[in-house]
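Below you'll find the structure, written out as structure tokens, and then a few comments.
Numbering (the working numbering), first residue to last: 2 to 265.
Set out below in structure tokens:
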């Protein structure tokens, strides 16, 4: 069977740079990017070209930040895609490698974040499950101090991004991927859960705020209706640009009303 040629559009490093600038990305800013490479079209150079184009748009004074989460560093009792034999759970917990920000690959966030993670000069935060990686002059400021018992809250890079006036770029990704909404979950009454994972001295359990992307698409629809969001096309992808702070402030009110969750 003959594979049909790609339908495009053709996306290059330069067209990506130009189109995100047309959307409103400014040189020198700090940008948290959630992305889908496949949504962009046919990208000449793949994820490398996307990262180069974003760095070109931000310029030498800008900082690129991406989620580099590692949801597989978790309790096998919770795995469902696929589940594993319960008889294996104890051995998995005993032998699972602990998180190493230098070598542990990201999982479930796409090829663009994984490319940023391995980029020359990239820095990565210390949380074993919800890390972020950054490239640029503010990278260290953003990723340092990510507390091991604070996935996406006040002692995570999200709070730093909010405080420094960073913006979010959804590049072919929907609002279900918008990690900034999770920061709001730490500012409203939310249940707490036990989170298991390998640590430096063996299997450990920490108590964390329960986080969920449930209804984030609906939240994003209302946010976009009520707040200024810059919208446009980058390649074939829908792109959206907005401040982290706006998203967090709106989500804090929206979640408290539309998704109330009692403290356990």
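Even glycine gets a Cβ: it sits at the ideal position worked out from N, Cα and C.
Quick caveat: nothing in here was measured; it's all calculated off a predicted structure.
- Distance from the CA of residue 173 to the CA of residue 218, rounded to the nearest whole angstrom, comes to 14 Å.
- Ranked by Cα distance from residue 20, the first of 51, 5 and 37 is 51.
- Taking C-alpha positions only, residue 231 is separated from residue 17 by approximately 16 Å.
- Within the same chain, 228 come within 6 Å of residue 247 by CB-CB distance, once the 5 residues on both sides are set aside.
- The beta carbon of residue 236 is closer than 6 Å to those of 10, 12, 41 and 42 in its chain, skipping five residues each way along the sequence.
- Annotation for residue 48: the continuous alpha helix (DSSP H) segment containing it runs 47-59.
- Per DSSP, the continuous beta strand (DSSP E) segment holding residue 204 begins and ends at 203-210.
- Comparing C-alpha distances from residue 90 to each of 197, 112 and 26 shows the shortest one belongs to 197.
- Between residue 53 and residue 14, the alpha-carbon positions lie close to 6 Å from each other.
- Assignment of residue 82 by DSSP, reduced to helix, strand and coil, places it in the coil class.
- Residue 144 sits in a helix when the DSSP states are folded into three classes.
- Ranked by Cα distance from residue 96, the first of 161, 208 and 203 is 203.
- Annotated as distal: residue 137 and residue 72, with beta-carbon spacing of 9 Å or more.
- A contact is defined here as three or more CB-CB pairs under 8 Å, and the segment 154-172 meets this definition with respect to the segment 240-258.
- With a contact defined as Cβ atoms closer than 8 Å, residue 156 and residue 164 miss out at about 12 Å.
- Counting only runs of 3 or more residues that sit fully inside the segment 96-140, the beta strand (DSSP E) segments are 133-136, in chain order.
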